[in-house]
Structure formats: C-alpha cells, structure tokens
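Mapped onto the working numbering, the consecutive letters of the sequence shown carry residue numbers 5 to 123.
Written below as structure tokens is the structure these notes are about.
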Amino acid sequence: MAFNPQQKYKPGLHSVAYVTTPNEESALKLSRKLIERKLAACVNIVPRVVSIYEWEGKIKEHHEILLVIKTRSARVDELCQFVRENHPYSVAEVVALSIENGNPAYLTWLSKAVPEGKH
C-alpha cells in the first residue's frame with residue numbers, strides 16, 4: 005500500500021491502545037511481544053506515570069509504566085486478549101481509542117506493519 009496524498013483517510017481504521025504495567029521489565033517484554041506478533045506497529049514506553057485509583061475499597065497510588073500502542077482497530081480485540089494472557093496484573097488496563105486523523109504517511113506505514121487479520 006503506497007502512500008497516496010489524494011486518498012482520504014478512513015477515520016477509525018487505526019487505534020491507539022493504552023496499557024499500564026508495574027515496571028520497565030514487564031513493559032519491555034510485553035511491547036516486544038506485541039511487535040513480534042504484529043499486533044502493534046509501534047509501542048511508546050512512557051516511564052513513571054502516577055496512577056491513582058480505588059482497588060478493593062482503598063485508594064491506591066502507584067508509579068507505573070504507560071504503553072502507548074498503535075494498531076489496527078480490527079486487531080484491538082486480539083491485542084486485548086494477548087495483553088490479558090501475558091500481563092502481570094489480574095485486571096490489566098487496556099483502553100483503545102480510535103484514530104480520527106493523522107499523518108497519512110505514518111498511517112500508511114501502520115497499515116503495512118499490522119496485517120488486517122490474524123498473523
């Protein structure tokens with residue numbers, strides 16, 4: 005799929021998924037596996053975010069690592085399942101947001117990096 009500047013982007017074709025992990029080791033391991041399995045084109049690892057949430061009736065505050073994952077929207081369910089099966093938390097955070105627009109050349113690359121169906 006070559007970049008065509010005349011072609012209009014179809015909103016929602018791609019998504020950004022957010023996943024938090026407890027440490028750098030689990031973040032790197034999960035990120036590499038997502039790329040190897042072609043579930044993601046790119047994963048940005050954002051260190052030391054602070055998460056504040058309620059868990060089992062108590063307010064918790066922890067430093068975590070945030071993964072910003074770029075993928076095809078059609079692969080989000082598969083990505084979620086993979087994260088659940090490979091994440092150290094019993095309830096892994098996986099939240100995906102649809103990409104409405106962006107750099108056409110980058111989005112074309114994303115399409116090439118993540119196949120449409122299961123790989």
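No residue lacks a Cβ here, since even glycine has one placed at the ideal position from N, Cα and C.
1. Looking only at its own chain, which residues have a Cβ that is under 6 Å from the Cβ of E104, when we skip the five neighbours before and after it?
2. What are the boundary residues of the beta strand (DSSP E) that includes V118?
3. R88 and A78 - do their beta-carbons sit closer together than 8 Å?
4. On the three-state DSSP scale, how would you describe Y13?
5. Within a Cβ cutoff of 6 Å, which residues of the same chain sit near I73, ignoring the five residues on either side of it in sequence?
6. Which one or two residues does DSSP pair with T25 in a beta bridge?
7. So for S55, helix, strand or coil by DSSP?
8. Report the option in A109, S94, E58, H67 whose CA atom is closest to the CA atom of K12.
9. Cα separation between D81 and L32?
If we stick to the structure as given:
1. The residue given as residue 104 occupies position 100 in the sequence shown. Scanning its chain for C-beta atoms nearer than 6 Å, with the 5 sequence neighbours on each side dropped, one finds around E104 the residues P15, in chain order.
2. Here residue 118 corresponds to residue number 114 of the sequence shown, with the count starting at 1. Here V118 belongs to no beta strand (DSSP E), and DSSP marks it neither H nor E.
3. Residue 78 sits at position 74 when you count from the first residue of the sequence shown. Residue 88 sits at position 84 when you count from the first residue of the sequence shown. No, the Cβ-Cβ distance between A78 and R88 is not below 8 Å.
4. Walking along the sequence shown from the start, residue 13 turns up at place 9. In the structure shown, Y13 sits in coil (DSSP, three-state: anything other than H, G, I, E or B).
5. Counted from its first residue, the sequence shown places residue 73 at position 69. So the list reads A21, A44, V47, once near-sequence residues are dropped.
6. To locate residue 25, count along the sequence shown from 1; it is residue 21. Its beta-bridge partners are I69.
7. In the sequence shown, counting from the first residue as 1, residue 55 sits at position 51. Three-state DSSP puts S55 in a strand.
8. Here residue 12 is taken as the residue at index 8 of the sequence shown, counted from 1. The candidate whose alpha carbon is nearest that of K12 is A109.
9. Working through the sequence shown from its first residue, we reach residue 81 at position 77. Working through the sequence shown from its first residue, we reach residue 32 at position 28. Distance between the alpha carbons of D81 and L32 is about 21 Å.
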